[in-house]
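Here's the structure, in structure tokens; my notes come after.
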Amino acid sequence: MSYGSTEVPATAFAITTVNVPDRLDLRDMDDRKQLEDDTRQRRFDLSAFRAWAPRLFFIAVLAVIVFVLLEALETWRTALSAQQLSQRLSSALGVPVQIETSQFAINPSPRLLLTKVSVDHNLVLSDISINVGTRHIAQVFQGHGWNWGEAIVGPTSLTLEQCRTLLNLLPKLNSALPKSLSNFRFDRLTIADQPWLTGPWQIDMSREGGAGFASVSAEQRNGSGLLRFDVKPTADPAVVGFQMEGRNWTLPFGPSFPIEEAVATGQASSAHVELSEFSLGGPFGAVKGSLSAGLEAAAWSLTGYVEAEGLDLAALVRQLAPSPASPDDANQDSSTLLQGNASFTGKFEGKGATLTEAAGAAVFLAPVEVRWPVLNGINLGFAATRPGSTGGTSGGTTRFSSLSAVVVAGGDGISFRDIRAHAGALAASGQVNMSADHSLSGLLHVDLGSTRVLAPIRVAVRGTLAHPQFGR
Numbered sequence: 003m004s005y006g007s008t009e010v011p012a013t014a015f016a017i018t019t020v021n022v023p024d025r026l027d028l029r030d031m032d033d034r035k036q037l038e039d040d041t042r043q044r045r046f047d048l049s050a051f052r053a054w055a056p057r058l059f060f061i062a063v064l065a066v067i068v069f070v071l072l073e074a075l076e077t078w079r080t081a082l083s084a085q086q087l088s089q090r091l092s093s094a095l096g097v098p099v100q101i102e103t104s105q106f107a108i109n110p111s112p113r114l115l116l117t118k119v120s121v122d123h124n125l126v127l128s129d130i131s132i133n134v135g136t137r138h139i140a141q142v143f144q145g146h147g148w149n150w151g152e153a154i155v156g157p158t159s160l161t162l163e164q165c166r167t168l169l170n171l172l173p174k175l176n177s178a179l180p181k182s183l184s185n186f187r188f189d190r191l192t193i194a195d196q197p198w199l200t201g202p203w204q205i206d207m208s209r210e211g212g213a214g215f216a217s218v219s220a221e222q223r224n225g226s227g228l229l230r231f232d233v234k235p236t237a238d239p240a241v242v243g244f245q246m247e248g249r250n251w252t253l254p255f256g257p258s259f260p261i262e263e264a265v266a267t268g269q270a271s272s273a274h275v276e277l278s279e280f281s282l283g284g285p286f287g288a289v290k291g292s293l294s295a296g297l298e299a300a301a302w303s304l305t306g307y308v309e310a311e312g313l314d315l316a317a318l319v320r321q322l323a324p325s326p327a328s329p330d331d332a333n334q335d336s337s338t339l340l341q342g343n344a345s346f347t348g349k350f351e352g353k354g355a356t357l358t359e360a361a362g363a364a365v366f367l368a369p370v371e372v373r374w375p376v377l378n379g380i381n382l383g384f385a386a387t388r389p390g391s392t393g394g395t396s397g398g399t400t401r402f403s404s405l406s407a408v409v410v411a412g413g414d415g416i417s418f419r420d421i422r423a424h425a426g427a428l429a430a431s432g433q434v435n436m437s438a439d440h441s442l443s444g445l446l447h448v449d450l451g452s453t454r455v456l457a458p459i460r461v462a463v464r465g466t467l468a469h470p471q472f473g474r
């Protein structure tokens with residue numbers, strides 16, 4: 003080494019610095035590790051929340067819906083209980099109403115079942131089923147209530163007076179029932195005290211706008227036959243108005259064959275029945291008239307009038323006693339006892355303890371004129387020229403220029419009295435009776451007049467309407 007140099011002399015070894023962590027460094031490392039662990043933990047919780055959040059929200063919404071539904075069902079259960087419904091109907095109708103049970107059923111369809119509904123301590127409806135419409139179920143949760151459908155009353159037997167009581171309560175029933183309940187139906191109603199109207203009937207009561215349950219229809223069917231009444235209340239609560247329609251229906255009084263078409267308009271109360279007009283139609287033509295029946299001194303009296311113009315007698319006879327001839331047979335009129343067109347205006351009267359008895363005892367009386375009359379089964383002119391013949395006189399035809407008689411008809415049959423017929427010089431008179439089973443009995447007097455010096459002969463009428471027989 004030279005004298006005066008400033009360089010540090012080199013050595014044969016190196017000094018190395020070792021960083022030994024002290025207490026502060028260790029604490030700092032622990033804090034950093036804890037921070038990283040906390041960060042990882044927070045990231046894990048956020049991921050789990052994101053996964054469960056939709057489920058938790060759905061559960062919360064479902065819980066709210068269930069709570070609201072349970073509250074609504076409890077409210078409805080209380081409102082539709084037998085006690086609440088009884089009070090509501092009693093208040094609206096102004097008469098005591100008692101419902102024994104009320105329950106909700108879902109099989110086979112949602113409906114409310116009411117059993118033993120007593121009205122005014124006078125009549126009992128054994129069961130009523132009220133259908134619930136499910137098409138607009140959302141409106142229930144909007145506070146609009148149930149969408150009620152049709153109310154159906156099960157098989158019921160009532161008297162005519164009980165039916166009138168129900169009919170008078172219909173206007174009040176409008177305010178007691180929900181607006182959505184628009185139709186009330188009796189599925190099978192029988193009227194116990196009226197043989198004419200026994201039924202069974204299907205009764206439909208429908209709302210008509212703001213008029214409430216103002217329309218009632220009663221209908222019964224029998225094969226192709228139909229009988230229908232459209233009933234409406236009148237200004238007098240004791241009186242109801244009605245229109246009747248019948249097709250292929252055998253009426254409980256009058257002709258014993260199905261009427262092709264029958265219509266009538268009238269009013270009825272517990273002590274009075276009036277048909278202001280009625281019409282009966284068929285292949286034979288049309289018969290029209292009016293009828294009035296009233297209760298006086300514990301007895302019913304019935305009066306009325308009937309008229310017809312150009313009634314086809316051949317068609318009428320075929321209705322009363324169908325012929326075995328084919329309907330397509332052009333000569334089928336020749337197989338009937340009488341042909342011609344009859345016109346008459348007559349009246350009928352009857353009395354009885356009940357309306358049914360009065361109608362059954364009614365007697366119809368009318369003078370009848372027949373145009374183009376033909377009597378089939380005998381030639382009276384030929385029979386009159388053979389006064390000594392002891393054989394039968396059946397066979398042939400007698401064509402008259404005029405024919406008249408007085409018809410008296412009742413429940414036991416028909417009597418043709420004061421028969422007067424002419425065919426040129428031939429004159430016939432007499433009386434013929436027909437019983438309820440269409441059996442004939444009677445006697446005709448035939449006179450040829452001054453053209454022949456022959457005594458009048460008598461011709462007996464026997465047999466039935468379908469198969470008449472003539473003899474001496």
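Numbering (our numbering), first residue to last: 3 to 474.
Even for Gly, the Cβ is constructed at its ideal location relative to N, Cα and C.
Please name the residue in the options whose C-alpha comes closest to that of residue i.
i, options, result
"Val-308", "Ser-281, Thr-200 and Ser-83", "Ser-281"
"Ala-2", "Ala-386, Leu-191 and Asp-232", "What is shown of the chain runs 3 to 474, which leaves residue 2 out entirely."
"Val-275", "Thr-305, Gly-397 and Gly-248", "Thr-305"
"His-447", "Ala-385, Ser-403 and Glu-359", "Ala-385"
"Thr-103", "Ile-416, Gln-85 and Leu-169", "Gln-85"
"Ser-417", "Val-463, Leu-179 and Val-68", "Val-463"
"Ile-101", "Pro-110, Asn-109, Asp-122 and Ser-111", "Asp-122"
"Glu-163", "Glu-262, Val-134 and Ala-194", "Ala-194"
"Leu-377", "Ser-177, Pro-470, Met-207 and Ala-107", "Pro-470"
"Ala-299", "Ala-273, Arg-320, Leu-318 and Ala-317", "Ala-273"
"Leu-357", "Pro-254, Ala-423 and Val-410", "Pro-254"
"Leu-160", "Val-126, Arg-419 and Ala-310", "Val-126"
"Ser-93", "Leu-116, Gly-248 and Ala-178", "Ala-178"
"Gly-412", "Gly-362, Val-242, Gly-291 and Leu-169", "Gly-362"
"Leu-442", "Met-207, Val-119, Arg-249 and Gly-473", "Gly-473"
"Arg-320", "Ser-258, Ala-429, Ala-55 and Arg-190", "Ser-258"
"Ala-264", "Val-241, Gly-291 and Val-242", "Gly-291"
"Ile-380", "Ala-344, Phe-366, Val-408 and Ser-337", "Ser-337"
Could you check what DSSP says for residue i in three-state terms: helix, strand or coil?
i, result
"Leu-277", "strand"
"Phe-106", "strand"
"Thr-252", "coil"
"Phe-286", "coil"
"Ile-139", "With a pLDDT of only 49 at Ile-139, under the threshold of 50, the placement of this residue in the model should not be trusted; the figure read from the coordinates follows. Coil."
"Arg-422", "strand"
"Val-97", "coil"
"Pro-369", "strand"
"Val-241", "coil"
"Phe-1", "Residue 1 is absent from the structure shown; the chain starts at 3 and stops at 474."
"Ile-458", "Here residue 458 is Pro; the residue named in the question, Ile, does not match the sequence. Coil, per DSSP."
"Thr-466", "strand"
"Leu-115", "strand"
"Thr-358", "helix"
"Leu-484", "What is shown of the chain runs 3 to 474, which leaves residue 484 out entirely."
"Leu-87", "helix"
"Ser-443", "strand"
"Phe-402", "coil"
"Arg-388", "coil"
"Ala-430", "strand"
"Ser-92", "helix"
"Gly-145", "Confidence at Gly-145 is low in this model, with a pLDDT of 48, below 50, so its placement is unreliable and the value that follows should be read with caution. Coil, per DSSP."
"Leu-450", "coil"
"Gly-413", "coil"
Return yes when the Cβ of residue j is within less than 9 angstroms of the Cβ of residue i, no when it is not.
i, j, result
"Ala-364", "Glu-351", "yes"
"Val-434", "Leu-450", "no"
"Trp-251", "Pro-260", "yes"
"Pro-235", "Leu-172", "yes"
"Leu-1", "Gly-284", "There is simply no residue 1 to check, as the chain begins at 3 and stops at 474 in what is shown."
"Ala-360", "Leu-467", "no"
"Arg-209", "Asn-185", "yes"
"Leu-313", "Gly-348", "no"
"Pro-157", "Thr-192", "yes"
"Ser-271", "Lys-353", "no"
"Val-372", "Leu-339", "no"
"Gly-151", "Ile-130", "no"
"Ala-216", "Leu-183", "no"
"Gly-201", "Arg-190", "yes"
Pull up the CB-CB distance for residue i and residue j, whole angstroms please, since I reckon it's below 8 angstroms.
i, j, result
"Ser-431", "Ile-421", "6 angstroms"
"Leu-199", "Leu-95", "Going by Cβ atoms, the distance from Leu-199 to Leu-95 rounds to 25 angstroms, so no, they are not a contact pair."
"Val-99", "Ser-83", "Not confirmed; about 14 angstroms, so no contact."
"Ser-403", "Val-370", "Ser-403 to Val-370, Cβ: 16 angstroms. No contact."
"Ala-425", "Arg-401", "6 angstroms"
"Glu-221", "Gln-245", "Actually they are not in contact, since the Cβ atoms of Glu-221 and Gln-245 sit about 12 angstroms apart, beyond 8 angstroms."
"Trp-374", "Gly-398", "Wrong, their Cβ atoms sit about 18 angstroms apart, outside the cutoff."
Considering only heavy atoms of the ligand PLP, does any lie closer than 8 angstroms to the CB of residue i?
i, result
"Ala-178", "In terms of ligand content, the structure shown is empty, and the ligand PLP therefore cannot be addressed."
Give the list of continuous beta strand (DSSP E) stretches no shorter than 3 residues that lie fully inside the segment 147–226. 149–155, 158–160, 185–193, 203–208 and 217–224
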